[in-house]
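So the structure is just underneath, and the comments pick up after that.
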Amino acid sequence: MEQELFGRMERIRTTYLKLLGEFEARQANVGNDLEVALKELSAKEDELGNRRGGLVFMEHDLVCETRKWIRGELVPEELNSLRSRIAEIAIKLARLGTSSQVEKLDKKRRRLSRG
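Residue numbers (this note's numbering): 87 to 201.
Structure follows, in structure tokens:
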């Protein structure tokens with residue numbers, strides 16, 4: 087009877103150590119995966135910030151050219167270029183999921199096309 091109890095305890099201990107090892111291995115994998123995911127997220131946030139910053143500069147240039155157009159200083163070729171840049175900015179904003187900015191840009195475009 088004593089040997090039977092000792093055998094059971096030994097199997098329980100062996101099973102416990104095996105499960106503990108598997109658990110620790112999974113914890114290490116989760117920790118590594120989490121670190122990688124956080125680094126990737128940080129890189130994507132930086133990229134998104136850079137894109138938005140670039141769009142701000144593009145929008146500023148667009149506003150300056152629009153003012154020229156209002157004053158009648160743009161030639162037809164520049165006007166076509168301006169229209170294509172408006173479309174380009176609208177597409178980039180749509181990709182970023184900033185529908186409110188797209189709507190603002192669309193309102194500006196409509197207002198400008200009315201003259």
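Idealized CB from N, CA, C, for every residue including glycine.
Return the residue from the list M144, R181, A123 that minimises the CA-CA distance to S167.
Translated into the one-based positions of the sequence shown, residue 167 becomes position 81. Cα-wise, what sits closest to S167 is M144.
Kindly give me the distance between the Cβ atoms of L148 and I177, rounded to whole angstroms, as I take these residues to be in contact under 8 Å.
As a first step, residue 148 is located in the sequence shown; it is residue number 62 there, counting from the start. As a first step, residue 177 is located in the sequence shown; it is residue number 91 there, counting from the start. With a Cβ gap of about 14 Å, L148 and I177 do not count as contacting.
Given that a residue counts as buried once 16 or more other Cβ atoms are within 10 Å of its Cβ, and exposed if not, what is I175?
As a working note, residue 175 is residue 89 in the sequence shown. Classification for I175: buried.
Compute the Euclidean distance between the alpha carbons of P162 and L179, then round it to the nearest angstrom.
Numbered from 1 along the sequence shown, position 76 holds the residue referred to as residue 162. Numbered from 1 along the sequence shown, position 93 holds the residue referred to as residue 179. Between P162 and L179, the C-alpha separation is close to 26 Å.
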